[in-house]
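> Just so it is clear: in the sequence shown, position 312 is 312 by the UniProt record's numbering, and no numbers are missing. We put the CB at the ideal spot given by N, CA and C, even for glycine.
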Amino acid sequence: MSEEVDLFMAVTGCEDPSMAQNFLEMAQNNMDTAVSLYYEHGPSGGGNSTNNDLSNVGSGEDDEALAQRLQNEAYQDNTRAPDEARHERLVDDLNIFPGTFGGVGGSFNPLLNNPDQLIYGNQRRGIFNQRDSGYGNDDSDGSDADSDEEFSGMTEGQKRLAKLFRPPFDIMEKLDLDSAKRKARQESKWILINIQDPSDFLCQTLNRDFWKSTTVKELVREHFVFLQYHSDSRSGEQYINFYPFKEYPHIAILDPITGERMKMWSGVPKVQKWCDEVYNFLNDFSLDPNSVNPIVQHKQHIDPNTLSEEKQMEYAIKQSLGDSASSDEDDSDLEMLSGGDEDNPLVIDDEQEGETESIITKPASEAKELTEEEKVKQIEPLNYEEPPQSPETTRIQIRTGDGSRIVKRFNIDDKVLKLYQVVKYEFKDKIGDGFFSLTSQRENLINKLDDTIADAGLKNASTLLEIMQDNE
Numbered sequence: 001m002s003e004e005v006d007l008f009m010a011v012t013g014c015e016d017p018s019m020a021q022n023f024l025e026m027a028q029n030n031m032d033t034a035v036s037l038y039y040e041h042g043p044s045g046g047g048n049s050t051n052n053d054l055s056n057v058g059s060g061e062d063d064e065a066l067a068q069r070l071q072n073e074a075y076q077d078n079t080r081a082p083d084e085a086r087h088e089r090l091v092d093d094l095n096i097f098p099g100t101f102g103g104v105g106g107s108f109n110p111l112l113n114n115p116d117q118l119i120y121g122n123q124r125r126g127i128f129n130q131r132d133s134g135y136g137n138d139d140s141d142g143s144d145a146d147s148d149e150e151f152s153g154m155t156e157g158q159k160r161l162a163k164l165f166r167p168p169f170d171i172m173e174k175l176d177l178d179s180a181k182r183k184a185r186q187e188s189k190w191i192l193i194n195i196q197d198p199s200d201f202l203c204q205t206l207n208r209d210f211w212k213s214t215t216v217k218e219l220v221r222e223h224f225v226f227l228q229y230h231s232d233s234r235s236g237e238q239y240i241n242f243y244p245f246k247e248y249p250h251i252a253i254l255d256p257i258t259g260e261r262m263k264m265w266s267g268v269p270k271v272q273k274w275c276d277e278v279y280n281f282l283n284d285f286s287l288d289p290n291s292v293n294p295i296v297q298h299k300q301h302i303d304p305n306t307l308s309e310e311k312q313m314e315y316a317i318k319q320s321l322g323d324s325a326s327s328d329e330d331d332s333d334l335e336m337l338s339g340g341d342e343d344n345p346l347v348i349d350d351e352q353e354g355e356t357e358s359i360i361t362k363p364a365s366e367a368k369e370l371t372e373e374e375k376v377k378q379i380e381p382l383n384y385e386e387p388p389q390s391p392e393t394t395r396i397q398i399r400t401g402d403g404s405r406i407v408k409r410f411n412i413d414d415k416v417l418k419l420y421q422v423v424k425y426e427f428k429d430k431i432g433d434g435f436f437s438l439t440s441q442r443e444n445l446i447n448k449l450d451d452t453i454a455d456a457g458l459k460n461a462s463t464l465l466e467i468m469q470d471n472e
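(1) For the candidate residues G434, L445, S390, N383, whose alpha-carbon lies nearest to that of V422?
(2) Given a cut-off of 9 Å, decide if N194 and P249 are closer than it, judged by their beta-carbon atoms.
(3) Throw me the rounded Cβ distance for the G403 and L219 pair, which I believe falls under 8 Å.
(4) Kindly examine the ligand GDP and report whether one of its heavy atoms sits closer than 8 Å to the Cβ of E372.
(5) In chain order, what residues of the same chain lie with their CB nearer than 6 Å to the CB of A456, ignoring the 5 residues before and after it?
(6) Taking the Cβ atom as the reference point for each residue, do G267 and E247 lie within a distance shorter than 9 Å?
(7) Spatial neighbours of R442 within its chain, please: CB distance less than 7 Å, with the 5 preceding and 5 following residues excluded, ordered by chain position.
(8) Here's the rule: buried if 16 or more other CB atoms are within 10 angstroms of the residue's CB, otherwise exposed. What is residue 473?
(9) Under a three-way DSSP split, which group does I240 fall into?
(10) Can you look up N30 in the DSSP assignment and give me helix, strand or coil?
(11) Span of the beta strand (DSSP E) holding T258?
(12) With distances taken between CB atoms, is the gap from I467 to T400 smaller than 9 Å?
(13) DSSP on V11, reduced to helix/strand/coil?
(14) For L227, which beta-bridge partners are listed by DSSP?
(15) Which of helix, strand or coil does DSSP assign to N383?
(16) Taking all protein chains shown into account, do 16 or more other C-beta atoms lie within 10 angstroms of the C-beta of R160, making it buried, or fewer, making it exposed?
(17) Looking at F427 and V376, is the spacing between their C-beta atoms short of 9 Å?
(18) The alpha helix (DSSP H) spanning S179 covers which residue range?
(19) In chain order, what residues of the same chain have a beta carbon less than 8 Å from the beta carbon of S59, not counting five sequence neighbours either side?
(20) Identify which residue in I171, T394, M19, A81 has its Cα closest to the Cα of F226.
(21) Hey, could you find the ends of the alpha helix (DSSP H) F281 is sitting in?
(22) Which of the three DSSP states, helix, strand or coil, is assigned to residue 531?
(23) Is the distance from the Cβ of N411 to the Cβ of T439 below 9 Å?
(24) Check N109 in the structure and name its three-state DSSP category.
(25) Taking C-alpha atoms, which residue in S213, S188, R69, E260 lies nearest to N290?
(26) Nearest-angstrom Cα distance between T356 and P387?
(27) Can you have a look at P244 and say buried or exposed, based on whether 16 or more other CB atoms are within 10 angstroms of its CB?
(28) By a C-beta neighbour count over all protein chains shown, 10 Å radius and 16 as the cutoff for buried, is Y279 buried or exposed?
(29) Please specify which runs of the beta strand (DSSP E), each continuous and at least 3 residues long, are wholly inside the UniProt domain "UBX" (389-466), giving them in chain order.
(30) What residues in its chain sit with their C-beta under 7 Å from that of D429, if we drop five residues either side in the sequence?
(31) Which value, in whole angstroms, describes the spacing of the CA atoms of T33 and T215?
(32) Please work out which residues of its chain come closer than 7 Å, Cβ to Cβ, to D209, disregarding the five sequence neighbours upstream and downstream, and give them in chain order.
(33) Could you check if M262 is buried or exposed, using at least 16 other CB atoms within 10 Å of its CB as the buried criterion?
(34) Does DSSP put S233 in a helix, a strand or coil?
(35) Measuring CB to CB, does W190 end up less than 9 Å from H223?
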């Protein structure tokens, strides 16, 4: 049996190799098309009749005979079995005595003892029913190790595919959303959540191409409590009710304190682009209670019922011309403000239309200040020799958007200009003759070149180096 047949059967749950082969032949061995055909025309009941139907289609049954057979089947008096009765108890996020609710021997303990049901619903953990060797494992090399028990009973081809499409168990937390918020608040981390539809092959591609990236894993471990839910699980359904979205797979950043969705993506993002966007987000927003974050204003969408008759007519015409024609007009009707204070809030659009659309509009004023670019280009690089450690010195971390970082020791009475000179020398291969910005606590340091490191508040500080694209 070929790997294509194995993969098709694993994704769709089909148990008949000949049926899987038929669908692959009809789709000319295109896996995405074959899976789509299976879900659109696959079996809804017994196996023999379905196999016969597929064999008839494959053998070239003429259109008239096929239409007659389908009509006869439509008028057959087949009554489906009744839905299975389900009894569930709704459990609120009650912070009461654990012995009474959800503790050892508590009334709600059965729900808490089955976290797989919260995360996966009735689906398998992975398309090959892979088993996790432990959630939330901080060892980067431990949780990816091959386990004989995990892949027992599989052929070599199935093992290879199971490893390829294995969910990111090593960075996932086995928690419901409320518990994840509490954990994130305790650890001062953001929540990163991924909602997957097991029947959508793009979700399996995300596990294969995106979550296996070492860069992504390191970034997630350092700054996020990561959750991955199936769309039909209890936790997944709860999330979808509170945070609607259109496309799978869905990735979002949540504020663990307010619960607000701060940023989201759909589809399979490019690793480097996604990491850059996340680093920019972390530089702009902080979970420190003493920090002041930019005000985020969600874009308001037009309700036709609130418009006048004339406006409703205009709105209907725009909609009839298509989404592309109306989106620009809608944006012009709304106040699109790009600053970061009470007068200029950031704008978030909850209706996501692009494949990996960033929903936070970055401030545009910084990149347009030509005087800042001129100042940076006038600074000469400096091969800096660090002073010996003493009470009059401090260490400053300089990190870049790709995750690399260096730490240098400075005298506290050194000018901020010296920090720029060192950055220009240490990162000369990346910067070249280009333009860069250096920020700390979301504050651009270009206006503090003449201040000392102590006066600028940079003692034991972490700064972000952002290299701008050349406009030429």
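For this structure:
(1) Within the sequence shown, numbered from 1, the residue matching residue 422 stands at position 422. It is N383 whose Cα lies nearest to the Cα of V422.
(2) The residue you call residue 249 lines up with position 249 of the sequence shown. The residue you call residue 194 lines up with position 194 of the sequence shown. N194 sits close to P249, with the two beta carbons spaced by under 9 Å.
(3) What you label residue 403 is simply residue 403 of the sequence shown in a count that begins at 1. What you label residue 219 is simply residue 219 of the sequence shown in a count that begins at 1. Yes, G403 and L219 are in contact; Cβ-Cβ is about 7 Å, under 8 Å.
(4) Ligands displayed in this structure: none; no statement on the ligand GDP is therefore possible.
(5) Position 456 of the sequence shown holds residue 456. Cβ within range, chain order: V416, K448.
(6) In the sequence shown, residue 267 corresponds to position 267, counting from 1. In the sequence shown, residue 247 corresponds to position 247, counting from 1. Yes, they are a contact pair.
(7) By 1-based counting over the sequence shown, the position of residue 442 is 442. Beyond the five residues adjoining it in sequence on each side, R442 comes within less than 7 Å, by CB distance, of N283, D284 in the same chain, given in chain order.
(8) No answer is possible for residue 473: it lies beyond the span of the chain, which begins at 1 and ends at 472.
(9) For the purposes of this step, residue 240 is taken as the residue at position 240 of the sequence shown. I240 falls in the helix class under three-state DSSP.
(10) On the sequence shown, position 30 is the one that residue 30 refers to. Judged by DSSP in its simplified three-state form, N30 adopts coil rather than helix or strand.
(11) Sequence index remark: in the sequence shown, residue 258 carries index 258 (1-based). No beta strand (DSSP E) holds T258; DSSP gives it neither H nor E.
(12) Your numbering for residue 467 matches position 467 in the sequence shown. Your numbering for residue 400 matches position 400 in the sequence shown. Going by C-beta atoms, I467 is nearer than 9 Å to T400.
(13) Counting from one through the sequence shown, the residue named residue 11 turns up at place 11. Note: V11 maps to helix in three-state DSSP.
(14) On the sequence shown, residue 227 is found 227 positions in, with the first residue counted as 1. When DSSP reads this structure, L227 sits in a beta bridge with I193.
(15) Locating residue 383 in the sequence shown gives position 383, counting from the first residue. Correct three-state label for N383: coil.
(16) For the purposes of this step, residue 160 is taken as the residue at position 160 of the sequence shown. So R160 counts as exposed.
(17) Here residue 376 corresponds to residue number 376 of the sequence shown, with the count starting at 1. Here residue 427 corresponds to residue number 427 of the sequence shown, with the count starting at 1. With contacts defined by Cβ atoms closer than 9 Å, V376 and F427 do not form a contacting pair.
(18) Taking the first residue of the sequence shown as position 1, residue 179 is located at position 179. Here the alpha helix (DSSP H) through S179 covers 177-187.
(19) Looking up residue 59 in the sequence shown gives position 59. Since pLDDT at S59 reaches only 48, below the 50 mark, its modelled position is unreliable, and the value read off the structure follows with that caveat. Within the same chain, S59 has no close Cβ partners at all.
(20) Taking the sequence shown and counting its residues from 1, the one referred to as residue 226 is at position 226. Closest option to F226, Cα to Cα, is I171.
(21) For the purposes of this step, residue 281 is taken as the residue at position 281 of the sequence shown. Per DSSP, the continuous alpha helix (DSSP H) segment holding F281 begins and ends at 271-284.
(22) Nothing can be reported for residue 531, as the shown portion of the chain is limited to 1 through 472.
(23) The sequence position of residue 411 within the sequence shown is 411, counting from 1. The sequence position of residue 439 within the sequence shown is 439, counting from 1. For N411 and T439, no; Cβs fall outside 9 Å.
(24) What you label residue 109 is simply residue 109 of the sequence shown in a count that begins at 1. Low local confidence applies: a pLDDT of 45 at N109 is under 50, so the model's placement there is unreliable, with the coordinate-based value given in what follows. Three-state result, N109: helix.
(25) For the purposes of this step, residue 290 is identified with residue 290 of the sequence shown, where counting begins at 1. The shortest Cα separation from N290 among S213, S188, R69, E260 belongs to S188.
(26) Counting from 1 along the sequence shown, the entry for residue 356 is found at position 356. Counting from 1 along the sequence shown, the entry for residue 387 is found at position 387. With a pLDDT of only 39 at T356, under the threshold of 50, the placement of this residue in the model should not be trusted; the figure read from the coordinates follows. Taking the straight line joining both Cα atoms gives about 45 Å.
(27) By 1-based counting over the sequence shown, the position of residue 244 is 244. P244 should be labelled exposed.
(28) As a first step, residue 279 must be located in the sequence shown, where it is residue number 279. By the Cβ-count criterion, Y279 is buried, with 16 or more other Cβ atoms from all chains shown falling within 10 Å of its own Cβ.
(29) Listed in chain order, they are 393-400, 405-411, 436-440.
(30) As a first step, residue 429 must be located in the sequence shown, where it is residue number 429. Once the five neighbours on either side are set aside, D429 has no close Cβ partner at all.
(31) Locating residue 33 in the sequence shown gives position 33, counting from the first residue. Locating residue 215 in the sequence shown gives position 215, counting from the first residue. Cα-Cα distance, rounded: 32 Å.
(32) Residue 209 sits at position 209 when you count from the first residue of the sequence shown. Within the same chain, D209 has close Cβ partners V268.
(33) For the purposes of this step, residue 262 is taken as residue 262 along the sequence shown, with counting starting at 1. The C-beta of M262 has 16 or more other C-beta atoms within 10 Å across all chains shown, which makes the residue buried.
(34) The count along the sequence shown starts at 1 and reaches residue 233 at position 233. Shown here, S233 sits in coil according to DSSP, grouped into three states, outside any helix or strand.
(35) One-based indexing of the sequence shown puts residue 190 at position 190. One-based indexing of the sequence shown puts residue 223 at position 223. In contact: W190 and H223 (Cβ atoms closer than 9 Å).
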